[in-house]
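Residues in the sequence shown are numbered consecutively from 1415, following the working numbering.
Ideal Cβ placement from N, Cα and C applies to all residues, glycine included.
One structure is given here, and the rest of the page talks about it.
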Amino acid sequence: MSFHGGVAETILFEEWRINNAQGMIGSVIGVILLTALYEGLKSYREYLFAHTTFLRKNQKKSRNALLFSGVHFFQTFLHVIQIVFGYFLMFIFMTYNYWLCIAVGTGTALGYWLFQWDKANNDNTDCCS
1415 MSFHGGVAET ILFEEWRINN AQGMIGSVIG VILLTALYEG LKSYREYLFA HTTFLRKNQK
1475 KSRNALLFSG VHFFQTFLHV IQIVFGYFLM FIFMTYNYWL CIAVGTGTAL GYWLFQWDKA
1535 NNDNTDCCS
């Protein structure tokens, strides 16, 4: 395999087959949005984990109560969604179409810029104090 350009590509599924510039432009926009959503999901899961860790420290609950809590089931569901999105993005990158690879990189940058900006300030050291 080698990197290539062009607009004829099958992306993830047979139904997502493109063969013209309009299809590639739409797919690139879709991949950028999917990747930004992936970054947003990662950020939300980190926020939810930090928030529930703080609550757990202030409440005395048994391991079973935490294991079967609604928040833990929700975190598990979000984890599965994140992993599936991650594999989809990996498969999209593995088309080796440089337009789609650039879209994954651009979406990652956009998603990080939109959802991880609060990491830039050093106020996120609550976990270590």
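{"Item": "Rounded straight-line distance, which links the Cα of residue 1426 to that of residue 1507", "Value": "10 Å"}
{"Item": "Contact the segment 1496-1512 vs the segment 1425-1440: 3+ CB pairs below 8 Å", "Value": "yes"}
{"Item": "Under 7 Å between C-beta atoms of residue 1445 and residue 1517", "Value": "yes"}
{"Item": "From 1493, 1523, 1478, 1442, residue whose alpha carbon lies closest to that of residue 1455", "Value": "1493"}
{"Item": "Proximity of residue 1519 and residue 1453 at Cβ, strictly below 7 Å", "Value": "no"}
{"Item": "C-alpha distance - residue 1466 paired with residue 1485, whole-angstrom precision", "Value": "8 Å"}
{"Item": "Residue 1509 - containing alpha helix (DSSP H), residue span", "Value": "From DSSP, residue 1509 is part of no alpha helix (DSSP H); its letter is neither H nor E."}
{"Item": "Through-space distance from residue 1497 to residue 1504, alpha-carbon basis", "Value": "10 Å"}
{"Item": "Beta-carbon contacts of residue 1543 that lie in its chain and below 8 Å, excluding the five residues immediately before and after", "Value": "Its pLDDT being 45, under 50, residue 1543 is placed unreliably in this model, and the coordinates cannot settle the point."}
{"Item": "From 1443, 1515, 1463, 1449, residue whose alpha carbon lies closest to that of residue 1416", "Value": "1515"}
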